[in-house]
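Its first residue numbered 99, the sequence shown is counted upward by one per residue in the working numbering.
Built from N, CA and C at the ideal position, the CB exists for glycine as well.
Take a look at the structure below.
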Amino acid sequence: MRKTRLVPVLLLAALLLCLCSSASAASMVQDNTIDGQVYIASVADQSGVITTLTDANTATTWSKTSTGYGADLTLTLYGGTVGELWIRSGHCYSQNYYNNYDRPDVIALTLTYTSGRVSTTSTYRYRLSDTFKPNTTADGWNSGYQRLLLPQTFYGVTKIELTIESSIPGYRNTGATLTDIIVAQGSHATATPRAYATATPKPYVAYITPTPTPYVQYITPTPEIVVPTREVIILTPTPTVPLVELLTPVPTATPVPTATPAPTAVPSVGPNGYPSEGIVAKLLKRAATRTGPSNDFDEPGSFFSAGDEVNVISKAWGDDSGIWWYQIEFLYGDDWYRVYTPGNRVDLDPDLLPTENDEPDSRRVLYDHRVYYGPGEDYKMYKVSMLYEGSKADIYAIEGEWAQIGYHDYAVDIDRRAWVPLEVLSEEPWSW
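Below, the structure written as structure tokens:
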């Protein structure tokens, strides 16, 4: 009889053990929860529950789509202890994804917690850093995150609301994108993060400590306080540094019905059928291209086939390859390009071409500006690359009001040549 009674007891114990194990596993975020993190019961926006912000995956994102008032994201906790949040801002799958999507600028963080028997809320504001970090595809939970450090540790937190009050515009997609969110206990409000046993924050993580500045507001809610409608900050690109290409046509005072607008590049086309002076020659093989006369430069792509014609402008010696590189010009789609291809791909004697300057004049960049594939806005514009204020640019050629420059794109760690207006560059030589 004892043996018969013992079997159900053992089965019940095994069942309870399985349930406990399941509950423990459920409290993990992708089985990567580190000691010190706080379990997030759920994350929701104005459309409902979302899971992409807790999967620690840089390839999945959430983007703000609602323009209404109230919190954009609501994190539900089970009365957790909270000292800091870690946010991966922007679409961090790659540099291109990061640039193409909007990123949050100012975020308001509101906590709801129990103080004694009273439910209390406190709000703080943070301005995030807008810099893509190459380590954002790493597995460590703190890699590529920005740290929103609270001025104290809060206990009994049941809800965290995040409101994106302003955003930094991307090149294509809108919606202030976030990749991941993690809540941590923290210890106290210090500028130095505590070191976790299995994940020490790296120097390139942005640590943001709230201080009494225009971007941080401390709110102690009372029944008498009326919460004003939050102001939405709209970032408008300056005319000198356009971030969004405006396509609105300018109306004319007296429209001419019979007038037919010419293609963008036609006015600059010369007698040879190309915008620039050069020698029209046939390709011996498909034109594999680089932005500069070396394999060290980035690769726009391969164009055309053997027998097709391009305009050859100049030649430059490639020290690494030991061959001449030709600067060629062509129309592809609706855009003009100037790029480099190995001379052995073009049916043209290099003695017929002028040799490019190999001792550039270095200047300082005066303000952020887009870069182009040729000397003018008729040429294709780089979609993701920017020339940033204070950086170094080497001038190789000047045509009209445009300069061909060489520069290093640190975001993707590659050399480029491109064209910008001369006014973007300083008149005095570069100096550190």
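For Gln-193, the three-state DSSP class (helix, strand or coil): Residue mapping note: residue 193 aligns to position 95 of the sequence shown, counting from 1. Helix at Gln-193.
Name the two residues that bound the continuous beta strand (DSSP E) containing Arg-250. Stepping through the sequence shown from its first residue, residue 250 is reached at position 152. In the sequence as presented, Arg is not what sits at residue 250; that position holds Gln. Residues 244 to 266.
Could you tell me the distance, in whole angstroms, from the CA atom of Leu-429 to the CA atom of Asn-198? For the purposes of this step, residue 429 is taken as residue 331 along the sequence shown, with counting starting at 1. For the purposes of this step, residue 198 is taken as residue 100 along the sequence shown, with counting starting at 1. Their Cα atoms are separated by approximately 25 angstroms.
Alpha carbon to alpha carbon, how far is Thr-256 from Thr-212? Residue 256 sits at position 158 when you count from the first residue of the sequence shown. Residue 212 sits at position 114 when you count from the first residue of the sequence shown. Looking at the two C-alpha atoms, the distance is approximately 8 angstroms.
If you drop the 5 nearest sequence neighbours on each side, which residues of the same chain put their C-beta closer than 8 angstroms to that of Gly-504? Position 406 of the sequence shown, counted from the start, is the residue given in the question as residue 504. Taken in chain order, the residues that qualify are Gly-390, Pro-458, Ala-491, Asp-492, Tyr-494, Asp-513, Arg-514 and Arg-515.
Let's test the definition: count the other Cβ atoms within 10 Å of the Cβ of Gly-215 and tell me whether it reaches 16, buried, or not, exposed. In the sequence shown, residue 215 corresponds to position 117, counting from 1. According to the sequence provided, residue 215 is Arg. The question's Gly does not apply to it. The residue is exposed, with fewer than 16 neighbouring Cβ atoms inside 10 Å.
If we count the other Cβ atoms within 10 Å of its Cβ and call it buried at 16 or more, is Glu-427 buried or exposed? On the sequence shown, residue 427 is found 329 positions in, with the first residue counted as 1. When all chains shown are included, Glu-427 counts as buried.
For Leu-382, the three-state DSSP class (helix, strand or coil): Along the sequence shown, read from residue 1 onward, the residue named residue 382 stands at position 284. In the structure shown, Leu-382 sits in coil (DSSP, three-state: anything other than H, G, I, E or B).
If you draw a straight line from the C-alpha of Leu-173 to the C-alpha of Glu-263, how long is it? Along the sequence shown, read from residue 1 onward, the residue named residue 173 stands at position 75. Along the sequence shown, read from residue 1 onward, the residue named residue 263 stands at position 165. Spanning the two alpha carbons is a distance of roughly 17 angstroms.
Can you check whether the CB of Ser-412 is closer than 7 angstroms to the CB of Leu-450? Here residue 450 is taken as the residue at index 352 of the sequence shown, counted from 1. Here residue 412 is taken as the residue at index 314 of the sequence shown, counted from 1. The answer is no: Cβ separation not under 7 angstroms.
Thinking just about the alpha-carbon of each residue, which of Glu-497, Pro-249 and Leu-520 is nearest to the one in Tyr-465? For the purposes of this step, residue 465 is taken as residue 367 along the sequence shown, with counting starting at 1. Here the closest residue by C-alpha is Leu-520.
Less than 7 angstroms between the C-beta atoms of Asp-433 and Lys-481, yes or no? To locate residue 433, count along the sequence shown from 1; it is residue 335. To locate residue 481, count along the sequence shown from 1; it is residue 383. No, Cβ-Cβ distance for Asp-433 and Lys-481 is not below 7 angstroms.
For Leu-175, which option in Glu-375, Ile-138 and Arg-201 has the closest C-alpha, if you only look at C-alpha atoms? Within the sequence shown, numbered from 1, the residue matching residue 175 stands at position 77. If we check each option's Cα against that of Leu-175, Ile-138 comes out closest.
Do the region 220 to 228 and the region 267 to 282 meet, that is, are 3 or more Cβ pairs less than 8 angstroms apart? no
Applying the 10 Å Cβ sphere with the 16-neighbour rule, what's the burial state of Ala-142? Within the sequence shown, the letter at position 44 stands for residue 142. Exposed, since its Cβ has fewer than 16 Cβ neighbours within 10 Å.
Cα separation between Thr-158 and Tyr-508? For the purposes of this step, residue 158 is taken as residue 60 along the sequence shown, with counting starting at 1. For the purposes of this step, residue 508 is taken as residue 410 along the sequence shown, with counting starting at 1. One C-alpha to the other measures close to 25 angstroms.
Among the candidates Val-180, Tyr-191 and Glu-182, whose CA atom is the shortest distance from the CA of Trp-160? Within the sequence shown, the letter at position 62 stands for residue 160. Per the Cα distances, Tyr-191.
What does the alpha-carbon distance come out to for the pair Val-551 and Gly-431? Residue numbering for the chain in the displayed model covers 99 to 530; residue 551 lies beyond these limits and cannot be assessed.
With burial defined as no fewer than 16 other Cβ atoms inside 10 Å of the residue's Cβ, what is the status of Tyr-486: buried or exposed? Locating residue 486 in the sequence shown gives position 388, counting from the first residue. Tyr-486 comes out exposed.
Beta-carbon proximity check, Ser-460 vs Trp-528, cutoff 7 angstroms: As a first step, residue 460 must be located in the sequence shown, where it is residue number 362. As a first step, residue 528 must be located in the sequence shown, where it is residue number 430. Contact: yes.
Cβ pair Ile-205, Gln-244 closer than 7 angstroms: Start at 1 with the first residue of the sequence shown, and residue 205 comes out as number 107. Start at 1 with the first residue of the sequence shown, and residue 244 comes out as number 146. Their beta carbons are not under 7 angstroms apart, which means Ile-205 does not touch Gln-244 by this criterion.
Ser-422 versus Asp-445, Ser-400, Ala-404 and Ser-403, residue with shortest Cα-Cα distance: Within the sequence shown, numbered from 1, the residue matching residue 422 stands at position 324. With the sequence shown as reference, residue 422 is identified as Trp, and Ser is not the correct amino acid for it. Ranking Asp-445, Ser-400, Ala-404 and Ser-403 by Cα distance to Trp-422 puts Asp-445 first.
For Asp-417, count neighbouring C-beta atoms within 10 Å of its own C-beta (all shown protein chains included) and say buried if the count is 16 or more, exposed if not. One-based indexing of the sequence shown puts residue 417 at position 319. It is exposed - the Cβ of Asp-417 has fewer than 16 other Cβ atoms within 10 Å.
Going by DSSP, name the residue or residues bridged to Ile-185. As a first step, residue 185 is located in the sequence shown; it is residue number 87 there, counting from the start. Ile-185 pairs with Gln-244 and Ile-279.
On the premise that Ile-258 lies in contact with Leu-226, defined as a C-beta separation below 8 angstroms, what is that separation, rounded to the nearest angstrom? Mapped onto the sequence shown, residue 226 falls at position 128. Mapped onto the sequence shown, residue 258 falls at position 160. Between Ile-258 and Leu-226 the Cβ distance is about 16 angstroms, and since that is not below 8 angstroms, they are no contact.
Is it true that the CB of Tyr-253 sits closer than 7 angstroms to the CB of Thr-179? As a position in the sequence shown, residue 179 is number 81, starting the count at 1. As a position in the sequence shown, residue 253 is number 155, starting the count at 1. Yes; because the gap between Cβ atoms is below 7 angstroms, this pair is in contact.
If I follow the unbroken beta strand (DSSP E) through Asp-513, where does it start and stop? Counted from its first residue, the sequence shown places residue 513 at position 415. That run of the beta strand (DSSP E) goes 512 to 519.
In terms of alpha-carbon separation, which member of Ile-496, Ser-265, Val-408 and Pro-473 lies closest to Ala-385? In the sequence shown, residue 385 corresponds to position 287, counting from 1. Measuring from the Cα of Ala-385, the nearest candidate turns out to be Val-408.
Would DSSP call Val-522 helix, strand or coil? The sequence position of residue 522 within the sequence shown is 424, counting from 1. DSSP places Val-522 in helix when its eight states are reduced to three.
Check whether the Cβ atoms of Thr-229 and Ala-169 sit closer than 7 angstroms, and answer yes or no. As a first step, residue 229 is located in the sequence shown; it is residue number 131 there, counting from the start. As a first step, residue 169 is located in the sequence shown; it is residue number 71 there, counting from the start. Contact: no.
Mind pulling the beta strand (DSSP E) runs of 3 or more residues that sit fully within the region 424 to 454? 433 to 440
Which listed residue (Tyr-196, Gly-474 and Asp-203) has its alpha carbon closest to that of Val-510: In the sequence shown, residue 510 corresponds to position 412, counting from 1. Nearest option by C-alpha distance: Tyr-196.
Taking the alpha carbon of Thr-152 as the reference point, which residue from Ser-145, Ser-140 and Thr-163 has its own alpha carbon closest? The residue you call residue 152 lines up with position 54 of the sequence shown. Among Ser-145, Ser-140 and Thr-163, the Cα nearest to that of Thr-152 is on Ser-140.
Is any heavy atom of the ligand NAD found at a distance shorter than 6 angstroms from the C-beta of Val-141? For the ligand NAD, the structure offers nothing, since it holds no ligand at all.
Only counting the same chain, and skipping five residues up and downstream in sequence, which positions put a Cβ closer than 8 angstroms to that of Arg-201? Taking the sequence shown and counting its residues from 1, the one referred to as residue 201 is at position 103. Counting only Cβ-Cβ distances below 8 angstroms, and skipping sequence neighbours, we find Ser-187, Gly-188, Leu-226, Asp-228, Ser-265, Ile-266, Gly-268, Ala-274 and Thr-275.
Under the rule that 16 or more other beta-carbon atoms within 10 Å means buried, what is Thr-387, buried or exposed? Taking the sequence shown and counting its residues from 1, one reaches residue 387 at position 289. When all chains shown are included, Thr-387 counts as buried.
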